[in-house]
Ligand code: FEO
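See the structure below:
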């Protein structure tokens, strides 16, 4: 693995931890609004993002690289509505997709086959992430200001439970 690739993978590790941090901030916001179903859904997403970060962690180590942790930016803390939260989250996932695509471009340029195969999982995962966030966003747009359907959705999203954190 080239130093350039190693640095880029470390950067993505940070980006995945930032995603976890931002979704935790969103969890706290939902918690403060007593939207416990939305909060529990987002909390499960936090665990997923930490798992994404750990995949990078393990891969860097397996390739004989060195994991170097850097400061994680502070995420936003306030939104006006659940719709605004999901608009921000969806936009963030689109941004993460662009980061993964850039990493894949680099792996192709460097003829780094192992990284290409590793990153393929993330390419597929991002399709899923955008679809999941996108469909919740669409539903929130349809719900608008109606509290009844919002609470029904809150109950439904509460069914998602956080998976246990996988070991490295
Ligand atoms: Fe780690 Fe939501 O992408």
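In the numbering used here, the protein residues as written are 142 to 309. No residue lacks a Cβ here, since even glycine has one placed at the ideal position from N, Cα and C. Quick caveat: nothing in here was measured; it's all calculated off a predicted structure.
Residue i in three-state terms, based on DSSP
i: residue 213; result: coil
i: residue 237; result: helix
i: residue 222; result: coil
i: residue 298; result: helix
i: residue 165; result: helix
i: residue 155; result: helix
i: residue 251; result: coil
Candidates the options, of which the one nearest residue i by Cα
i: residue 182; options: 259, 169 and 194; result: 169
i: residue 228; options: 274, 286, 201 and 179; result: 274
i: residue 156; options: 146, 172, 174 and 210; result: 210
i: residue 233; options: 167, 143 and 244; result: 167
i: residue 218; options: 174, 296 and 207; result: 174
i: residue 171; options: 220, 147 and 271; result: 220
6 Å CB neighbourhood of residue i in its chain, flanking five on each side removed
i: residue 267; result: 238 and 241
i: residue 194; result: 154, 157 and 158
Contact check, residue i vs residue j, beta carbons under 8 Å
i: residue 165; j: residue 223; result: no
i: residue 191; j: residue 303; result: no
i: residue 178; j: residue 297; result: yes
i: residue 283; j: residue 149; result: no
Per-residue burial, residue i [other beta carbons within 10 Å of its own, 16 or more giving buried]
i: residue 212; result: exposed
i: residue 252; result: exposed
i: residue 295; result: buried
Cut-off 7 Å between Cβ atoms - residues of its own chain near residue i, not counting five sequence neighbours on either side
i: residue 163; result: 216 and 233
i: residue 259; result: 200
Chain-order list of residues whose beta-carbon lies under 8 Å from that of residue i (same chain, five-residue window excluded)
i: residue 143; result: 251 and 253
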